[in-house]
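Just below is one structure, and these are the notes that go with it.
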Amino acid sequence: EETWDFVLVSDIHEMGSEKEIKRKKFLDELSKKGFTIKKIEDTKLFYGVRAPQHIFWKYQGLQRTADSRQQNSSAHEDNPETTRIRIVNFILRTTVTSDLEKLHDLIKKKVFEAAFPLHKKEEIREMLKKKWARWRVIFKEQPIKEIRNYFGEKVALYFAWLGWYTYMLVFAALAGLVTVVAGATVFSSSQVSKEICDANTTIMCPLCDQNCSFWVLSDTCTYAKVTHMIDNEATVAFAMFMAVWATVFLELWKRERATVVTKWNLYGWDEDEEELALQLINNLQHEPRWYQHSYFRSTIILILALLMIMLLIGTAHMLVIYRAVAMALFMQSEVNLLSKHANTMAVMTGAVLHYITIVIMTKVNRHVALFLSGLEKPRTLSQQENSFAVKIFIFQFFTNFSSLIYIAFFLGRINGHPGHYVRIAGRWRLEECHPSGCITDLFIQMAIIMVLKQTISNIMEYLIPLISHQLRKKRKGSKKRSMMLGEEEAEDPCKRQWLNNYELNEVNIFSLLNEYLEMAIQYSFTTIFVAAFPLAPLLALFNNVIEIHMDAIKMMRLHRRMVPRKAKDIGIWLQVLEAIGTLAVIGNGLVIAITSDFIPVQVYKYMYSPCMRENHTSTDCSTGYINNSLSVFRIQDFEPHTKAGMDRPGLARTELCCRYRDYRNADDYTYTVQFWHIFAARLAFLILFEHVALCVKLIAAWYIPDDPRRVKNKILSDKHKNLRDELRWVMPWKVPG
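In the numbering used here, each number is its position in the sequence shown, counted from 1, plus 88.
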């Protein structure tokens, strides 16, 4: 059976046309290098490409020279197919025609439509389809060795990392579940929630200017119970646990990676040396491309990146404006459901709009990041990937988290107070926190975005390639039937295989990077604001169990074969994950200190509660907190254009006062001393929490070595053995056998 390393696909061009001449020039260059080329004509032109054997002998020779530890005749006897594809792909991409055009340029000019390696009917592929790329084996261990032998080390390391991340999420998900269960059971009889539910005489100020009546605090009883389920003492412990978990996860992954790449004899592999080896195999006269750096170019890139970030933050501000306007409109709605739950509806529709913004801006971010990476003029493909990965992650981070940062740290804190509200365009009031607490808004926003992102995105990620593949097959089948003339003709055995591969969906150099990006954003959701949404790790766990096998099915059944690439780690993504871990400490510290009511409750307990005035051990020290946390506002001080409804039962005109969440004096509405006590306590807690969490992270990183002892000992043993062998050649008569 004939074997072919790559297939090039082209439209059928007219003889003597510019595209036909360019195609011939490129194929002639391959022929000069000793490549065997086979042409098959169908509705397209297919060119099978097979490299000469001497190219692989050169590569093996260079590898043996580069890696003195290698004692066998071939450094890659266990995966020759992936090596062949990688080398042939490099030569195809770097071959230059007499017109100074490469394959990438020819594809842009529609001379060639596609270039891809083949999924072949071999034993390893059938095994992967049976034991990995199907839903029945969703809870079974991944065959990492076979994945490596079919897709190369880079893909295998991605699935090894994703499997390890999913395994570690089990512990985070259990901790989050325990936190929520504890909030629903142990802390369900909270004095704070009880006071809110019993506050049927506490009249609150209207939530909008027109058509909004006064309301009773007890109306938020249900929300108060839900809020306390996630905002209690257990949340602080959970946030600290997640800070440690993020560090332990990465440190244990480093150990796992070291073990895996040592088995693959890639621990000391050098990417630059690999690149130079492939360049010399392709062209012996090749001169290395030297490292360069331009401060001017870096400054331009930095300025453009900052402008893009400002645009993304501006988009988040548009969402803030939408929520303020939506809140006012919902409050004025004649639909009782909308007017009664206007705050919740504004938050939920804002979250949906935020998700739509994420989908749109993701496409914009990709083009901008690619453009900025091109301005850097990276020396190698790996450097280009790293540059693109950092930029696209930063842009995606601001796209996903700008709105969440506003909700967590600014919502309800910059909106003013009754009688002196901050307004957009002098008309619409900035929205306030949910009556049951600011953390409720963050909880709702995160829940909606995570659920939408992990359901709709995954469905589209699977259905689009599936439908596209089916349409290509159907279109190809109809063309084939229209071409049948009735006579029997022996079909080339390669033709069906090449057509089947062509009908699959296209892959590109950033296909795997997209999967890493998706997981990095998910990891950010799982760690940075997890104090506000303890169920985030559980949702991530469910998603990843499906994601692993969905990616496997896409790679094996719906996409063309990915070009195998060598790697000894997950690259720049490790630094990205470590940065996220540090941001998680800061983010969760800020959520507990600023967004949560944890600090105000503690300050009240130990400075203003009945326990401080009376020595009653049976008294709950949080008794009276709700009344203490609400300030008094005189209705006569409302702004002139505010039309507050006076139809609330129990509100007599002689008692023209309402309550609102803040710590202000009743006479001049300045901040009370208690406000500054709480402010100081928040700041002190934030500093203490972050320093303790970062110290624990550093201790965990020190305590868990990056490389296991057996890996270090194996490397030491190999070095010792090689030095002894070298010494035998130098002084064979003095070295004992």
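Glycine included, every Cβ here is placed at the ideal spot set by N, Cα and C.
(Q) Check for me: the beta strand (DSSP E) holding K126 runs from which residue to which? (A) Start at 1 with the first residue of the sequence shown, and residue 126 comes out as number 38. 124 to 129 is the extent of the beta strand (DSSP E) around K126.
Q: Measure the CB-CB distance between V435 and I532 and report whether it falls below 8 Å.
A: Here the question's residue 435 lines up with position 347 in the sequence shown. Here the question's residue 532 lines up with position 444 in the sequence shown. Closer than 8 Å, so yes.
Q: Would you kindly report the start and end of the unbroken beta strand (DSSP E) that includes F621?
A: Translated into the one-based positions of the sequence shown, residue 621 becomes position 533. It is not in any beta strand (DSSP E) - F621 carries neither H nor E in the DSSP assignment.
Q | Anticipated Cβ contact below 8 Å, L400 with F483, distance rounded | A | Start at 1 with the first residue of the sequence shown, and residue 400 comes out as number 312. Start at 1 with the first residue of the sequence shown, and residue 483 comes out as number 395. Yes, L400 and F483 are in contact; Cβ-Cβ is about 7 Å, under 8 Å.
Q: To the nearest angstrom, report how far apart L551 and E339 are at their CA atoms.
A: Numbered from 1 along the sequence shown, position 463 holds the residue referred to as residue 551. Numbered from 1 along the sequence shown, position 251 holds the residue referred to as residue 339. Inter-residue distance for L551 and E339 is about 36 Å (C-alpha atoms, whole angstroms).
Q: Could you tell me which residues DSSP pairs with C745 in its beta bridges?
A: Position 657 of the sequence shown, counted from the first residue, corresponds to residue 745. According to DSSP, which records beta bridges pairwise, C745 is partnered with R722.
Q) How should Q724 be labelled, buried or exposed, when 16 other C-beta atoms within 10 angstroms of its C-beta is the threshold for buried? A) Taking the sequence shown and counting its residues from 1, one reaches residue 724 at position 636. It is exposed - the Cβ of Q724 has fewer than 16 other Cβ atoms within 10 Å.
Q.
Tell me the DSSP secondary structure of R467 in three-state form.
A. Working through the sequence shown from its first residue, we reach residue 467 at position 379. R467: coil per DSSP, three-state reduction.
Q) What is the rounded straight-line gap between the Cα of H101 and the Cα of L364? A) In the sequence shown, the residue the question calls residue 101 occupies position 13. In the sequence shown, the residue the question calls residue 364 occupies position 276. Each residue's Cα considered, the two are about 36 Å apart.
Q) Closest by CA to E727, which one among P506, E108, L96? A) Working through the sequence shown from its first residue, we reach residue 727 at position 639. The candidate whose alpha carbon is nearest that of E727 is P506.
Q: Rank E108, I173, V184, K209 by C-alpha distance to the C-alpha of K121 and give the top, closest one.
A: Walking along the sequence shown from the start, residue 121 turns up at place 33. Checking every option, the nearest Cα to that of K121 belongs to V184.
Q.
What does the alpha-carbon distance come out to for the pair D297 and V413?
A. Indexing the sequence shown from 1 puts residue 297 at position 209. Indexing the sequence shown from 1 puts residue 413 at position 325. The C-alpha of V413 is placed about 12 Å away from the C-alpha of D297.
(Q) Going by DSSP in three states, N631 sits in which element: helix, strand or coil? (A) On the sequence shown, residue 631 is found 543 positions in, with the first residue counted as 1. Three-state DSSP puts N631 in a helix.
**Q.** Beta-bridge partners of Y135, as assigned by DSSP
**A.** Taking the sequence shown and counting its residues from 1, the one referred to as residue 135 is at position 47. Beta-bridge pairing links Y135 to L96, K127.
**Q.** Local Cβ density within 10 Å of P737, reported as buried at 16 or more and exposed below that
**A.** Along the sequence shown, one-based indexing puts residue 737 at 649. Note that P737 has pLDDT 47, beneath the 50 cutoff, so the model's placement of it is unreliable and the number below is only indicative. Flag for P737 reads exposed.
(Q) Let me check understanding here. Comparing Cα to Cα, which of S491, V799, L626 lies closest to L262? (A) Position 174 of the sequence shown, counted from the start, is the residue given in the question as residue 262. Measuring from the Cα of L262, the nearest candidate turns out to be L626.
Q. In chain order, what residues of the same chain have a beta carbon less than 8 Å from the beta carbon of I687, not counting five sequence neighbours either side?
A. For the purposes of this step, residue 687 is taken as residue 599 along the sequence shown, with counting starting at 1. These residues qualify, in order along the chain: I680, A681, I766, A769, R770, F773.
**Q.** For R649, three-class secondary structure by DSSP
**A.** Within the sequence shown, numbered from 1, the residue matching residue 649 stands at position 561. Here R649 sits in coil by DSSP.
Q) Can you list, in chain order, the residues of its chain whose CB lies under 7 Å from that of M572, leaving out five sequence neighbours each side? A) Taking the first residue of the sequence shown as position 1, residue 572 is located at position 484. Low local confidence applies: a pLDDT of 47 at M572 is under 50, so the model's placement there is unreliable, with the coordinate-based value given in what follows. Here the set comprises nothing.
Q. Which ranges would you report for the alpha helix (DSSP H) in the stretch 337 to 387 if only whole runs of at least 4 residues count?
A. 359 to 370
Q) Out of curiosity, what's the CA-to-CA distance linking L368 and T254? A) Reading the sequence shown from its first residue, position 280 is the one you call residue 368. Reading the sequence shown from its first residue, position 166 is the one you call residue 254. Distance between the alpha carbons of L368 and T254: 41 Å.
(Q) According to DSSP, is F613 part of a helix, a strand, or is it coil? (A) Within the sequence shown, residue 613 is the residue found at index 525, counting from 1. Helix at F613.
Q: Give a yes or no on whether the minimum CB-CB distance between R377 and chain C is below 8 Å.
A: Annotation note: the requested chain C is absent from the structure, which comprises a single protein chain.
Q. F777 lies in the beta strand (DSSP E); which residues open and close that run?
A. By one-based count along the sequence shown, residue 777 stands at place 689. Counting along the chain, F777 falls outside any beta strand (DSSP E), though it belongs to the alpha helix (DSSP H) covering 761 to 791.
Q.
Please state whether the Cβ-Cβ distance between K132 and D99 is less than 8 Å.
A. Looking up residue 132 in the sequence shown gives position 44. Looking up residue 99 in the sequence shown gives position 11. Against a cut-off of 8 Å, the Cβ pair of D99 and K132 comes out as a contact.
Q: Could you give the DSSP three-state label for S301: helix, strand or coil?
A: The residue labelled residue 301 in the question sits at position 213 within the sequence shown. Three-state DSSP puts S301 in a strand.
Q: Along the beta strand (DSSP E) that carries F200, what are the first and last residues, could you check?
A: For this step, residue 200 is matched to residue 112 along the sequence shown. Here F200 belongs to no beta strand (DSSP E), and DSSP marks it neither H nor E.
Q: In the DSSP assignment, find the alpha helix (DSSP H) that holds W817 and state where it starts and stops.
A: Your numbering for residue 817 matches position 729 in the sequence shown. From DSSP, the alpha helix (DSSP H) with W817 extends over 797 to 818.
**Q.** Coil, strand or helix - G504 by DSSP
**A.** Within the sequence shown, numbered from 1, the residue matching residue 504 stands at position 416. In this structure, G504 counts as strand in the three-state DSSP scheme.
Q) Who are F204's beta bridge partners in DSSP? A) Here residue 204 refers to the residue found at position 116 when the sequence shown is read from its first residue. V95.
Q: State yes or no: is the C-beta of A831 within less than 8 Å of the C-beta of T615?
A: The requested residue 831 is not part of the displayed model; the chain covers only 89 to 825.
**Q.** 8 Å contact criterion, which V225 and K219 should meet: CB distance rounded
**A.** For the purposes of this step, residue 225 is taken as residue 137 along the sequence shown, with counting starting at 1. For the purposes of this step, residue 219 is taken as residue 131 along the sequence shown, with counting starting at 1. Correct: roughly 6 Å between the Cβ atoms.
Q: Can you have a look at G264 and say buried or exposed, based on whether 16 or more other CB atoms are within 10 angstroms of its CB?
A: Looking up residue 264 in the sequence shown gives position 176. Per the 10 Å Cβ criterion, buried.
Q | Neighbour-count burial assignment, E828, 16 or more Cβ in a 10 Å radius | A | Summary: the structure shown does not reach residue 828, with the chain confined to residues 89 through 825, and so no result is reported for it.
Q: With Q249 as the anchor, note down where its alpha helix (DSSP H) starts and where it stops.
A: The sequence position of residue 249 within the sequence shown is 161, counting from 1. A quick correction: the sequence has Trp, not Gln, at residue 249. W249 -> alpha helix (DSSP H) spans 241 to 272.
Q: Can you say whether N676 is buried or exposed, counting buried as having 16 or more other CB atoms within 10 angstroms of its CB?
A: Position 588 of the sequence shown, counted from the first residue, corresponds to residue 676. Taking all protein chains in view, the Cβ of N676 is crowded by 16 or more other Cβ atoms within 10 Å, so the residue is classified as buried.
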